[in-house]
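Enquirer:
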Amino acid sequence: MTAPAPTLPRAAPGARTGTPAPTVVRARAKPRLRALDGLRLIAALMVAAYHYGGRDGEISEAWGSSPRLQFPTAHAWFAYGCLGVQIFFVISGFVIGMSGWGRPLRSFFASRAARLLPSYWAAVLLVTAVFALPVVAYEAVSPSDVLVNLTMLQQPLGADRVLGVCWTLWAELRFYALFALCVVLPGATRARVILFCAVWTLAAAVSEAANEPLLDLVLMPQFAPYFIGGIGIYLVHRDRRDLTAWGIVGVSWLTGQHYAVAQLWHEPDPASFSHRSSLVIIAIVTAGFAAVLLIALGHLDRLNWHRLTVAGALTYPFYLVHEHLGWVVVRALHQVFGLPASPTFALTIAAMLALAWLLNRCVEERLTPAIRKGLGTPRA
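The sequence shown begins at 740 in this note's numbering and counts up one residue at a time.
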């Protein structure tokens, strides 16, 4: 804590002093990057399109047949929607680079917990309750597994997942831990962030070559390029003349497109639609990096609409609830009420956005400030 500034004696009214009065300079708050909020929602809608029409599995039970039959042309494009996750990870790297810079570890932890937990807890309980209804055709997980899901540690503990999308949150948690230990705890500086990106990039490549499960678990070679690329884009945001930062972005894009093509071009999962075009995969990954980069460079500052901030606020709760509860809504609208596939698709998206708005207003706006304050305030 700095000592208070000494109090200067006041001159009498009308008197002149030998030195000019000090000018008080107030730091201007950084404008919110509203375009980034809009990009978040686009990525979430991509994932929703994939879950509703770009694969088989449980959604086929909801439609009563494969989405290939429900969307004869669009299903091939919906299959690329899973790449919205990679775009999410690039955005996350950018945001964590921004929010972790100059912030103590306690504050960083409080901000992440307050952001993730309220809607996540609500979504876990809501999906469990809906799946427990006799009229719902999907089976809820055991009570013990539900309780484990509240910790976000269900995957390493081998418990059944309540939310299908929570595997991405497990990747996010590991990224937060790495960034907190290597950057936030010792204090974020340009040199330290660059070293973190360089070491993680090389270590992830070594992990991929070694085929060692523990290294894969910690270093996440398939996802690391997107998080690292987002951090690099934040460095460009701070100084667009930083050639090292541009190099981090370039290497991350090159390795990221490689992993995306390797995983998705001919995915072995029988529930997935296989044989996607490698050129389209590369184009979507490139577009994701480019969109975040354009936002970081200020080229999309003109997209300063308040509605984009609202869209960003809905993205996370929408992402959490859309898959499993979407199955229930699709089944009701399409098989029970007989609506065609396209209106069912649109109404399901609208219903999940409405539910996300309720979660944001009734859960996040109430619990997020309380959690941030409770965890971020040091106790005497």
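Every residue gets a Cβ at the ideal spot worked out from N, C-alpha and C, and that includes glycine.
Leaving aside the five residues before and after G1115 along the sequence, list all residues of the same chain whose C-beta is less than 7 Å from its C-beta, in chain order.
Expert: By 1-based counting over the sequence shown, the position of residue 1115 is 376. Once the five neighbours on either side are set aside, the close Cβ partners of G1115 are R845, S846 and A849.
Enquirer: Drop a sphere of 10 angstroms on the beta-carbon of G968, count the other beta-carbons inside from all chains shown, and report buried for 16 or more, exposed for fewer.
Expert: For the purposes of this step, residue 968 is taken as the residue at position 229 of the sequence shown. Counting Cβ neighbours within 10 Å, G968 comes out buried, since at least 16 surround it.
Enquirer: Between which two residues does the alpha helix (DSSP H) harbouring C821 extend?
Expert: As a position in the sequence shown, residue 821 is number 82, starting the count at 1. Where C821 is concerned, there is no enclosing alpha helix (DSSP H), given that its DSSP letter is neither H nor E.
Enquirer: Assuming G839 contacts F817 (C-beta within less than 8 Å), just tell me the rounded distance between them.
Expert: Here residue 839 corresponds to residue number 100 of the sequence shown, with the count starting at 1. Here residue 817 corresponds to residue number 78 of the sequence shown, with the count starting at 1. In fact, because the Cβ distance is near 35 Å, the residues do not count as touching under 8 Å.
Enquirer: Could you check where the alpha helix (DSSP H) with P811 kicks off and where it finishes?
Expert: As a first step, residue 811 is located in the sequence shown; it is residue number 72 there, counting from the start. Neither: P811 is in no alpha helix (DSSP H) and is coded neither H nor E.
Enquirer: Just to confirm before moving on: does the CB-CB distance between L1094 and L1064 stay below 9 Å?
Expert: Along the sequence shown, one-based indexing puts residue 1094 at 355. Along the sequence shown, one-based indexing puts residue 1064 at 325. Result yes, Cβ atoms of L1094 and L1064 sit closer than 9 Å.
Enquirer: Using the C-alpha atoms, what's the distance from R854 back to V1102?
Expert: The residue labelled residue 1102 in the question sits at position 363 within the sequence shown. The residue labelled residue 854 in the question sits at position 115 within the sequence shown. Spanning the two alpha carbons is a distance of roughly 11 Å.
Enquirer: Which one or two residues does DSSP pair with S1011 in a beta bridge?
Expert: Against the sequence shown, residue 1011 aligns to sequence position 272. Answer is R794, bridged to S1011.
Enquirer: Assuming M891 contacts L912 under a Cβ cut-off of 8 Å, what Cβ separation, rounded to an integer in Å, is found between them?
Expert: Your numbering for residue 891 matches position 152 in the sequence shown. Your numbering for residue 912 matches position 173 in the sequence shown. About 6 Å separates the two Cβ atoms, so the contact holds.
Enquirer: According to DSSP, is R1091 helix, strand or coil?
Expert: Along the sequence shown, read from residue 1 onward, the residue named residue 1091 stands at position 352. According to the sequence provided, residue 1091 is Met. The question's Arg does not apply to it. It is helical.
Enquirer: Should V904 and L778 be called a contact, given that it needs their Cβ atoms to be closer than 9 Å?
Expert: Taking the sequence shown and counting its residues from 1, one reaches residue 904 at position 165. Taking the sequence shown and counting its residues from 1, one reaches residue 778 at position 39. Not a contact, by the Cβ cut-off of 9 Å.
Enquirer: Using a Cβ-Cβ cut-off of 7 Å (strictly less than) and excluding sequence neighbours within five positions of W860, which residues of its own chain qualify?
Expert: By 1-based counting over the sequence shown, the position of residue 860 is 121. Contacts found: L889.
Enquirer: Which residue comes first and which comes last in the alpha helix (DSSP H) that contains Y1058?
Expert: Along the sequence shown, one-based indexing puts residue 1058 at 319. H1045 to V1069 is the extent of the alpha helix (DSSP H) around Y1058.
Enquirer: With a cut-off of 8 Å on the beta carbons, I'd call V786 and V824 a contact; round off their distance for me.
Expert: For the purposes of this step, residue 786 is taken as the residue at position 47 of the sequence shown. For the purposes of this step, residue 824 is taken as the residue at position 85 of the sequence shown. That pair is a contact at about 6 Å.
Enquirer: With a threshold of 8 Å, are at least 3 pairs of Cβ atoms found where one atom belongs to the region 957 to 975 and the other to the region 987 to 995?
Expert: The region 957 to 975 is in contact with the region 987 to 995.
Enquirer: Which residue comes first and which comes last in the alpha helix (DSSP H) that contains P882?
Expert: As a first step, residue 882 is located in the sequence shown; it is residue number 143 there, counting from the start. Per DSSP, P882 belongs to the alpha helix (DSSP H) from P882 to N888.
Enquirer: L784: which of T907, E800 and L822 sits nearest, CA to CA?
Expert: Sequence index remark: in the sequence shown, residue 784 carries index 45 (1-based). When only C-alpha atoms are compared, the closest one is L822.
Enquirer: Inspect the beta-carbon positions of L1032 and I1020 and report whether they are closer than 9 Å.
Expert: Here the question's residue 1032 lines up with position 293 in the sequence shown. Here the question's residue 1020 lines up with position 281 in the sequence shown. Not a contact, by the Cβ cut-off of 9 Å.
Enquirer: Along the chain, where does the alpha helix (DSSP H) that runs through Q893 open and close?
Expert: Within the sequence shown, residue 893 is the residue found at index 154, counting from 1. Here the alpha helix (DSSP H) through Q893 covers Q893 to L896.
Enquirer: What do you reckon, are the CB atoms on P857 and L1106 nearer than 9 Å?
Expert: As a first step, residue 857 must be located in the sequence shown, where it is residue number 118. As a first step, residue 1106 must be located in the sequence shown, where it is residue number 367. A contact, by the Cβ cut-off of 9 Å.
Enquirer: When DSSP labels each residue in this structure, what does L844 get in the three-state scheme?
Expert: What you label residue 844 is simply residue 105 of the sequence shown in a count that begins at 1. Three-state DSSP puts L844 in a helix.
Enquirer: For R794 and T812, what's the separation of their Cα atoms in angstroms?
Expert: Counted from its first residue, the sequence shown places residue 794 at position 55. Counted from its first residue, the sequence shown places residue 812 at position 73. Each residue's Cα considered, the two are about 13 Å apart.
Enquirer: Rounded to the nearest angstrom, what separates L1078 and G1037 at their Cα positions?
Expert: In the sequence shown, residue 1078 corresponds to position 339, counting from 1. In the sequence shown, residue 1037 corresponds to position 298, counting from 1. C-alpha separation (whole angstroms): 44 Å.
Enquirer: By the 10 Å Cβ neighbour count, where 16 or more other Cβ atoms means buried, how is H1045 classified, buried or exposed?
Expert: Stepping through the sequence shown from its first residue, residue 1045 is reached at position 306. Exposed.
Enquirer: Given that a residue counts as buried once 16 or more other Cβ atoms are within 10 Å of its Cβ, and exposed if not, what is A1029?
Expert: Your numbering for residue 1029 matches position 290 in the sequence shown. Flag for A1029 reads exposed.
Enquirer: Please say whether F828 and A1080 have beta carbons closer to each other than 9 Å?
Expert: For the purposes of this step, residue 1080 is taken as residue 341 along the sequence shown, with counting starting at 1. For the purposes of this step, residue 828 is taken as residue 89 along the sequence shown, with counting starting at 1. Against a cut-off of 9 Å, the Cβ pair of F828 and A1080 comes out as no contact.
Enquirer: By how many angstroms is the C-alpha of E1104 removed from the C-alpha of G1113?
Expert: Against the sequence shown, residue 1113 aligns to sequence position 374. Against the sequence shown, residue 1104 aligns to sequence position 365. Their Cα atoms are separated by approximately 15 Å.
Enquirer: Tell me the DSSP secondary structure of D955 in three-state form.
Expert: As a working note, residue 955 is residue 216 in the sequence shown. In the structure shown, D955 sits in a helix (DSSP, three-state: H, G or I).
Enquirer: Taking just the CA atoms, how far does M837 sit from D981?
Expert: Within the sequence shown, the letter at position 242 stands for residue 981. Within the sequence shown, the letter at position 98 stands for residue 837. If you take the alpha carbons of D981 and M837, they lie about 16 Å apart.
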